[in-house]
Every structure is written in structure tokens, then in C-alpha cells.
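Residue numbers (our numbering): 2 to 571.
All C-beta atoms, glycine included, are put in the ideal place defined by N, C-alpha and C.
See structure below.
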């Protein structure tokens, strides 16, 4: 994630760049030549995302998705099987729609002609839940294929979706982890500890190389970082190689589990060394606090074989179908489907815009454009809008592919100090890290994991703890009511969402949470922002920042590079 040479190959596949072969003298990144003296043409536009043409008339995007990413045999009382029905009216994807918004659609959910559930939804609605019965099915590792139909008068809309209904895992003490596709929350439980009810979490933590002391403070060991992360309210660690011995891994994991924290494990191997990958799975998969595997770092940049991530994905599911698969994409728009959609359940985005010149590469001494060069942040201008745009684009592309519910986005804020050896003029401050985390939270990521602990300044840990405390103390907004997230909050800001101020809200029925970030430069007083929200009500809590009650509402007083949050009674 830091430099081109640090990019890791996924799952030991023999991966050879396909696009760089057009001129073997020069390398490419994100499909672009970037070295001094390389051709300034040659970007392969055919690998950009295929956005559909807009329709002049309305379309009904009818989708059905099992609420949980999988269901287990004999587990219905703890995770009742349901299907999410979306009937969104759009102008870009779906079938022709001549009805009106709010019209009642009759829905049938079936499998091989057998009805599993029925219900009704309103046209234009999202997130309607219809219970289904799996009693007639046999648990198996191969997914079933659901068919869903919606009928209005004589018009029928049909779609299908995979349904995973499996036996419990045969190994270790874990019951796996899964995704609540209504909210994006991670679902966990520890059967060995007697937990039968699934619980939902929003993972917040750090990438950490558990075999490496801190590069900022060499005396700061991985276990010490773990204890500090826990003390700062974090509930999650993304484990990275180089791993210590098996004994060292297990020692770390024992402490991690004792602290009640969760982890994603990178399972990357050397070229062709699938035995290593399987060995890693056998170490990690019995752990009750494992929430997923990570298979690739920025492979869209290095551009291996187009099926590299999908082969990795399939290998993981063949050997453990009870945990989601994650990877990180670096490019703004290069082989998104081939590397991201086809290779992961959770797609990480890592634009690193802090202290960056998006128009020039200090590493390669070249200008950077949308078809040439590498600034360290693909197609970035060097502002927090790079993060907002990347998260929004990733979510929307999944929607356009009919995968809005089945693909999550993972935020990986820039939190490292590379000592100005590569693209960034200075390390991010603690305030920079906090602002990045807030804008990613506001725009719908399901996991937040700054990169990375060994190279992070102390302030990054401290400021990140504010967001960790928010998603812990007010967890239900994100784990149960994430679908209420609203980025069109009415405020007294003159230019909301375009003046380097970002605000979102969540509503749990009795209270509303507002979270805001001002990412203007902290040293310029003219960029301080003071504003109120439209809602009238009592302030119940101020998780962080300067928010006070004024005239029956909440007033935010935000200097540059600051964050604030408030919970108001409805």
C-alpha cells in the first residue's frame, strides 16, 4: 500500500502483467506508463468501468438478496432466514417501468419451483424484508439459486440470487463470521463460549504487521500496539505479514481473543505456494474472532492476470466458506470488475491524498495526468474529496452491477509516516487521520482500518480512538440502522458538501446521530465553520468535538481539520 515495490501478489499465483507487455521497457501502474522517458500514451481505456447509458423513461431495479451472507443448518432461531427486496426506480439499470412510485408489487421467492416466501413491496422502496423457510432444504457447501418475481397487474419482474445454506463448520471452535446485508454489519459469535445468538459489530482498528516493531518508535512492540489499540477503544486488527513463527502468531491471537477483539488475516503466499496459503487458513480459521481473509494489495495497480483475484477468491471458499474475502484496490478506474467485483466480498479503497501533489510525481519526476504517471494516489487532486469520491464510486458501481447488497466497502485511511521517501510531503497528523475516518464513515464503509500501525505516528492512534469510541458507544446506529444513513443533511451551511465540510446522519427511531468533518486547512481561520442542523430537539450526547445547544437545535463550531458528532432526541 505504500509504494509500488511493496505491492503484494495474491495467493501465490504466477502473475504476469498483461498491459505492460505493450512496451516491456517500461512498467505500468493502473494501466498507465509512469517512469521518466516512458511513452505518455498507451493507457487502455477499454478497462474503465462500463457505465450504462441513461434511460429517458423510468426503470425498476428489482433485486432480492438473502439478508445474511449465509445461513446455517439448525440456526433459524438465532438468525431467521429473510430476503431483502429492493424495488428502486432508476434511470440507469432495471426493466422498463410504467407504474407509479408507491405502487404495490406482489413478490414470490422460490427455489426450483418451490415457494419459500411471499410478500409485497412498494415500487421505489429499498430494504423490505420477507421471511423465508429453509426447512425443506438440505444444507450444502454449494449455494442454491433463488428466483424472485414481482408482479404488478400483468407485468412481471424476475431476478435471481445465490443463497448459501450450509452445515456448521467442521473445524475448531468458530461458527465463522458473516455479513448482515441490510446494514453491512459484521455478524459474529463464539460457540465455544456458549454464544448462540449472533451479534453485530462495526470493525474499527489498524493494519498491523505483527512481526514488526514500530518504525516510529522501535521499542513499541506488536503486542504493546495491540494493548494500546484496545485501550483506545478499537475492536479490530488487520493482520499483515511478515508473520512470526506459528507459535508467535498463536501467542498474538491468544491475546487478541482475550481482549475481545476481532481480526482479518492476510493469507498471501509466494509464487505458486498454495501450500503456504492453506497452512495459513488452517492456523486462522479455527479462531472464533476471525472475521475475514485478505487476498490482495492493489493488484489493479500491478495488473496481473485478469483472473488473479477470482482464483484467490475461489480457493478461499473451497477451503473455508464461512468468512468473507477482502482485498484493496488502488486505481480509480482500472479493471474494477476483474480485480474487485470478481475477487472479493469486501472491497478496500486506499486513496492517500494527505500532503500529496496529484499533478506531479516526486518519485519519478514526471507530470501526472489521467492517462500517464503515478502520484501515489490514482487520479487524485490531493484532498479529502478523493476519498469521498472513491467510496461513493465503489458503492455505486456495485449497485450498477446488481451487487449493492453483496459487496461492502472497506476504508483504509492514510496513517503512515514514510519519511518523505515516496510521494507524500509529510505524514498525516492525528487530525488528518480522524477526518479521513469520519468521511469514510459518513459515506458508507463497513470497516475502517487505517494503514498502518508500525509506521503510524502516536497521534494517529489517539485521534482514531474518537471514532472507535463512537462506533462502540453508539453502535446500533451503524449495526442496526445503517440503512438510514443520509448525506443530504439540511444545515445552515451556505454550500453544504462542497465547501470541504462533510456531514451525515443516522436515525434509530428515537434519536438522530450527526457526524461532521471540516477538512479545510487548520491554519487558516477563515475556513472555520459554524453551522446548525435543521432538527429541533434535546442534545443527548456529544461523542466528540464542539457542539452546543442553541435555540433548540445543535450548533457545530468547527475549526479547520476537525470532527464533531452529536446525538439528538427525535
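Proximal residues to residue i (C-beta, below 7 Å), its chain only, five neighbours per side dropped
{"i": "residue 430", "result": "460"}
{"i": "residue 177", "result": "170, 323, 324"}
{"i": "residue 231", "result": "260, 262"}
{"i": "residue 121", "result": "105, 106, 107, 108"}
{"i": "residue 257", "result": "227, 238, 264, 290"}
{"i": "residue 267", "result": "240, 241, 242, 295"}
{"i": "residue 446", "result": "392, 410, 411, 412"}
{"i": "residue 388", "result": "352, 354, 437, 440, 441"}
{"i": "residue 464", "result": "431, 432, 434, 435"}
{"i": "residue 332", "result": "31, 301, 302, 379"}
Beta strand (DSSP E) segment containing residue i, residue limits
{"i": "residue 87", "result": "83-91"}
{"i": "residue 267", "result": "263-267"}
{"i": "residue 183", "result": "Element bounds for residue 183: n/a, residue is neither H nor E."}
{"i": "residue 206", "result": "206-210"}
{"i": "residue 556", "result": "554-559"}
DSSP state of residue i mapped onto helix, strand, coil
{"i": "residue 494", "result": "coil"}
{"i": "residue 142", "result": "coil"}
{"i": "residue 48", "result": "helix"}
{"i": "residue 526", "result": "helix"}
{"i": "residue 275", "result": "helix"}
{"i": "residue 70", "result": "coil"}
{"i": "residue 34", "result": "strand"}
{"i": "residue 22", "result": "At residue 22 the pLDDT is 46, less than 50, meaning the model places this residue with poor confidence; the figure from the coordinates comes in the next sentence. Residue 22 falls in the helix class under three-state DSSP."}
{"i": "residue 387", "result": "helix"}
{"i": "residue 238", "result": "strand"}
{"i": "residue 189", "result": "strand"}
{"i": "residue 357", "result": "coil"}
Test: residue i CB closer than 8 Å to a CB of chain D
{"i": "residue 207", "result": "No chain D appears in this structure, which consists of one protein chain only."}
Burial state of residue i, where buried means 16 or more other Cβ atoms lie within 10 Å
{"i": "residue 26", "result": "exposed"}
{"i": "residue 380", "result": "buried"}
{"i": "residue 310", "result": "buried"}
{"i": "residue 438", "result": "buried"}
{"i": "residue 46", "result": "exposed"}
{"i": "residue 67", "result": "buried"}
{"i": "residue 371", "result": "exposed"}
{"i": "residue 272", "result": "Confidence in residue 272 is poor, its pLDDT being 39 and thus under 50, which makes the residue's placement unreliable; the coordinate value appears in the next sentence. So residue 272 ends up on the exposed side."}
{"i": "residue 82", "result": "buried"}
{"i": "residue 527", "result": "exposed"}
{"i": "residue 172", "result": "exposed"}
{"i": "residue 537", "result": "exposed"}
Limits of the alpha helix (DSSP H) - the one that residue i falls within
{"i": "residue 231", "result": "223-232"}
{"i": "residue 154", "result": "Unbroken run through residue 154: none, as it is neither H nor E."}
Neighbourhood of residue i by C-beta, 8 Å cutoff - its chain only, sequence neighbours within 5 removed
{"i": "residue 384", "result": "354, 501, 520"}
{"i": "residue 113", "result": "none"}
{"i": "residue 146", "result": "112, 161, 162, 163, 164"}
{"i": "residue 22", "result": "Note that residue 22 scores a pLDDT of 46, beneath 50, so its modelled location is shaky; the value from the coordinates is reported in the next line. Closer than 8 Å at the Cβ level, and outside the excluded window around residue 22, lies no residue."}
6 Å CB neighbourhood of residue i in its chain, flanking five on each side removed
{"i": "residue 559", "result": "519, 530, 565"}
{"i": "residue 415", "result": "353, 355, 429"}
{"i": "residue 375", "result": "30, 35, 362"}
{"i": "residue 532", "result": "492, 493, 494, 557"}
Q. What are the complete beta strand (DSSP E) segments, minimum 3 residues, inside the segment 444-517?
A. 502-508
Q) Going along the chain, which unbroken runs of the beta strand (DSSP E) with 3 or more residues stay wholly within the segment 389-444? A) DSSP runs (the beta strand (DSSP E)) wholly in the segment 389-444: 409-412.
Q: Could you pull out every unbroken alpha helix (DSSP H) segment of at least 4 residues lying fully inside the segment 264-347, listed in chain order?
A: 275-285, 300-303, 309-320
Q.
Going residue by residue through the segment 101-139, where are the continuous alpha helix (DSSP H) segments of at least 4 residues, counting only ones entirely within it?
A. none
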